[in-house]
Amino acid sequence: MRKKIEIVGLTVLMLWTILSAAQLTQNPGQGYKPPRTVDGHPDLNGTYDLATITPLVRQFTTQRALTDEQAAKAEAMIMKERKDGDAPLSPDRPAPPKGNGDQDIPARYRIASGNVGGYNSFWIDPGWKINVVNGEKRSSIIVDPPDGHLPKMTPEGMQRLASLGFLPRSDTRESNDPGLDRTPGAYDDPERRPPAERCLLGFGSTSGPPALPVLYDNLHQIVQTPQSIMILTEMVHDVRTVRMNAQHLPKNIRLWLGDSVGHWEGDTLVVDTTNFSNKTRFYGSSENLHVVERFTRTGPKTLLYQFTIEDPATWATPWSGEYTWPATDSHIYEYACHEGNYAMTDILKGARERERTTAKTENNK
Amino acid sequence: MRTKLVTSVLCSAVLLLIASLPAAAHHAFGSEFDANAPVLIKGKIVKIEWVNPHTWIHVETTKPDGTTEIWMFEGGSPNTLLRRGVNKTTFPAGTEVIIDGYQARDHSEKRANARNITFTDGRKIFLGSTGTGAPDPEKFPATQEPPK
Amino acid sequence: MTAKILVSCLVLVAATMVFAGQTPKQRSPRPHRNHPDLNGIWEAMNEADYDLEAHTARPAMAVRPGPYGPVPAAPVLALGAVGAVPPSLGVVEGGEIPYKPEALAQKKKNQENWLTGDPEIRCYLPGVPRATYIAQPFRIFQNNTQIFFAYQFAGAVRNIYLKDPGPAPVDSWMGQSVGHWEGNTLVVDVTGMNDQTWFDRAGDFHSDALHVVERYTLKNRDIISYEATIEDPNVFTRPWKISMPLYRRQEKNAQLLDFKCVEFVEELMYGKYRKKPLD
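First to last, the sequence lines map onto chains U, G and S. Mapping the first sequence onto this note's numbering, position 110 (from 1) lands on 94, and the numbers just tick up by one. Counting from 1 along the second sequence, just add 45 to a position and that's the residue number in this note's numbering. Counting from 1 along the third sequence, just add 20 to a position and that's the residue number in this note's numbering.
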């Protein structure tokens, strides 16, 4: 009898130890056991489509998780807009109205910059689904601060922004570009234009870090080797090389995408990025921006992407976000931006033309 | 009463949530194109430059006096369309289209933004053509299914 | 007795769990089971980007007639020796590029208009094979399922499809690369290139019918033997080949840094559209 108890006891102990050891490794992957590369780490290789209708910042709802009905309503709304956008027009339609080309665009999509109308819907691919993390339909990518908003900016951060006037930031989205009349000097020089318009980086911090979803071309590719892991962003064919178990570059070497070094914590790839150039200015941050990202496979076709942003010179506290990257079989195509950038010439010429016209009108007064 | 409250809270939450979704407006249009110079061109595609950051569609149109001129229309990034099966042969030279938009600020340039591009029957051109239509929105894209 | 066995099992399992998470300290296993490992930072060490063909040193890349022979053209005069062209015995097998007569005339025109014609000057993507020997390093990422090339110049990239995706839907600057192994050689077949790139700073060019087949053979840990066969029936009378060694960068901290030259050519390309042009 005593022997039996011993055996049972030891078996239980053995099983408990095995299970505990499994729990010791960080497990945001919810128990999913991914296939592994030859050096024993989870295989992150693949192409991912980051598009999602979950926004970065939570809007007007306080809950992190949407109910099924809320999410379904949001998705149905997007689908309907897409279908409406795909609808045919009259072949006898007149030229669009003078001064207001946005009239047939939903009011909340209009912004004051130019009133010349947007893209037809077939050009864009902003996602169709609310993002799901750990079974929750997320109302925002930001999860910390818990209200889903960016933390307060420090006085230093605000002062820096005010004194520099409007200087281009890596997170500028196509829809956030200021209108012609809003910010003086915004069209004076190419250097005043957002990095994406200059074809130096992709819009909206799609190149990252952190990598955020944008209006189209949201594909990213991961190529993993033991010494380094490559993350490619479709826009603007930006490569981030994560050097594994390496030291950061010296302080005087600054890079547009920062310098990324990585290591594994259990089944999670942790990427630490510093050494940003002072031109990147993600969300108005300083060059001391520090980004930590975590990549974890959560299923055969999903990867959980988490990030923490730290810049005490800009935000009172760090802030964090997370969203799921679904794998895709689609291909990334070349995004040779600068080579076809007629728009930059036209944007600057257009601004000069406008100034000439304004000056002429004033002279004639 | 309670149902009404719940419904209105739900509705407002959903509406306001969507208010934050990425807008479809174009960048820097205020500078590049002139909202006071609308154009509508009916003509034939001469060539399509499948380039980033913007596709450029060259269209030859016949003016009332019988002479022809070529306009360049700025579209979006071609990559999304390529993923849906569009390629350089999809819209051969000669395809008839109707494009409306606004002219570049420098009016000496025959350039405009492609605000709407349709066939002569009014269908949006990158949809509904044989074999290259946009995927059924209900089923697209399969990879965006949340993990079970 | 059974208890002892159980305890040993327990210890063994616990030990395995603890050690499983550690990364090996010694050199990582070859990521590619059956093929040579091309991972790393590589760079050509030759003058191919100046001129693929054999040539003596020249005063500059853009010249004008001087009283006793060509002298640097005015826009590059201030560069002095920094702007001169170093000599080379060339990388073209057989010596000369086999141009059709009318294409040779075009090459000469390209040379005369080098400053306005060479896409490298505008930081345009270099195309294939120029990206290989443009004088900046590149990195090969290779595992069992993917091969990817990242170039420091202009951040050019090439994904090497290991499964043929069919014809490229549109032309691109870097083309569409499809790779396979022939023994120890990685063979990359490149199609779908536009006609916008040059092969070098000497005006060597091609049409959009360009077809390039590259061969990368690891000679030893630090040298790849590189060959590229170039075919373009619109421009050349027959296919021709270039070859050169590629050297692994030996520095312990070798890595690619930013060469986002788009920024550097903004004054050149857009300076006159500034509100206050510098000139």
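Ideal Cβ positions, reconstructed from N, Cα and C, are used throughout, including at glycine.
Determine whether the Cβ of residue i lies closer than 8 Å to any Cβ atom of chain G.
i      : result
U/Y326 : yes
U/P129 : no
U/A79  : yes
U/L73  : yes
U/V223 : no
S/P139 : no
S/V190 : yes
U/Y317 : yes
U/Y171 : yes
Where residue i and residue j are concerned, what is the direct C-alpha to C-alpha distance, given to the nearest angstrom?
i      : j      : result
S/G60  : S/L238 : 12 Å
S/Q172 : U/D33  : 25 Å
U/V220 : U/E323 : 11 Å
U/I108 : U/Y200 : 5 Å
U/A311 : S/P121 : 51 Å
U/E277 : U/I293 : 9 Å
U/A195 : U/R20  : 24 Å
G/V104 : G/G88  : 6 Å
U/E346 : U/E339 : 10 Å
U/Y289 : U/R265 : 22 Å
U/N259 : S/P157 : 21 Å
U/A335 : U/S147 : 24 Å
U/S123 : S/E287 : 44 Å
Counting only Cβ pairs nearer than 8 Å, list the residues of chain S close to residue i.
i      : result
U/R336 : Y293 and K295
U/E29  : First, the residue type needs correcting, since residue 29 of chain U is Asn and not Glu in the sequence shown. Within chain S, the residues near U/N29 are N163, T165 and Q166.
U/H204 : What U/H204 touches in chain S: nothing, since even the nearest Cβ is about 12 Å away.
U/Q47  : Under the 8 Å cutoff, chain S gives no residues; its nearest Cβ is about 36 Å from U/Q47.
Chain U partners of residue i, CB-CB under 7 Å?
i      : result
S/D278 : L239 and W240
G/G120 : W107
G/F136 : Residues of chain U passing the Cβ test: none, with the nearest at roughly 13 Å.
S/V177 : L216, H221 and V223
S/W193 : E318, A320 and E323
G/I1   : With chain G represented from 46 up to 193, any question about residue 1 of chain G goes unanswered, as that position is not in the structure.
Just to confirm my understanding: we take residue i, look at its own chain, exclude 5 residues before and 5 after, and list those with CB closer than 8 Å. What are they?
i      : result
S/P118 : F256, T257, R258 and W260
S/A77  : A104, V105, P106 and P107
U/D131 : R42 and T46
U/S270 : G141, R144, N262, D295, A297 and T298
U/T138 : P296, A297, T298, W299 and A300
S/V111 : N66, A68, L72, Y153, I262, S263 and M264
G/H99  : E119, G120, G121 and S122
Who pairs with residue i in a beta bridge, going by DSSP?
i      : result
S/P87  : S/G89
S/D209 : S/V198 and S/V233
G/W116 : G/V104
S/V112 : S/I262
S/I250 : S/V232 and S/W260
U/F291 : U/E277 and U/G305
S/K239 : Answer by DSSP bridge pairing: none, since S/K239 is not bridged.
S/K183 : Paired residue(s): none; S/K183 is not in a bridge.
U/T208 : Note that residue 208 of chain U is Gln in the sequence shown, not Thr. In the DSSP output, where bridge partners are listed per residue, U/Q208 has U/I213.
Once you ignore the five residues that flank residue i on each side, which residues in its own chain have a CB closer than 7 Å to its CB?
i      : result
S/R142 : V285 and M289
S/A64  : T152, Y153, M264 and L266
U/R176 : P152, G169 and A170
U/K333 : none
Residues in the same chain with beta-carbon distance under 6 Å from residue i, minus the five sequence neighbours each way, listed in chain order, please.
i      : result
S/D242 : R268
S/L109 : A74
S/F161 : F168
S/N179 : F168
Using a Cβ cut-off of 8 Å, pull out every chain U residue sitting near residue i, in sequence order please.
i      : result
S/V232 : Under the 8 Å cutoff, chain U gives no residues; its nearest Cβ is about 16 Å from S/V232.
G/E114 : Per Cβ cutoff of 8 Å: no residues; G/E114 is ~16 Å from chain U at best.
Counting only beta-carbon separations shorter than 8 Å, does residue i have a partner in chain U?
i      : result
S/R159 : yes
G/G167 : yes
G/W101 : yes
G/I93  : no
Should residue i be listed as close to the ligand PLP, given that the test is whether its C-beta is under 7 Å from any heavy atom?
i     : result
U/D76 : The model depicted lacks the ligand PLP and carries no ligand whatsoever.
Does any C-beta atom of chain S lie closer than 8 Å to the C-beta of residue i?
i      : result
G/K133 : yes
G/P83  : no
U/S212 : yes
G/P98  : no
G/P1   : With chain G covering 46 to 193 only, the question about residue 1 of chain G has no answer from this structure.
For a contact meaning CB atoms closer than 9 Å, what does residue i contact in chain G?
i      : result
U/D251 : Within 9 Å Cβ-Cβ: nothing; U/D251 doesn't reach chain G, min ~16 Å.
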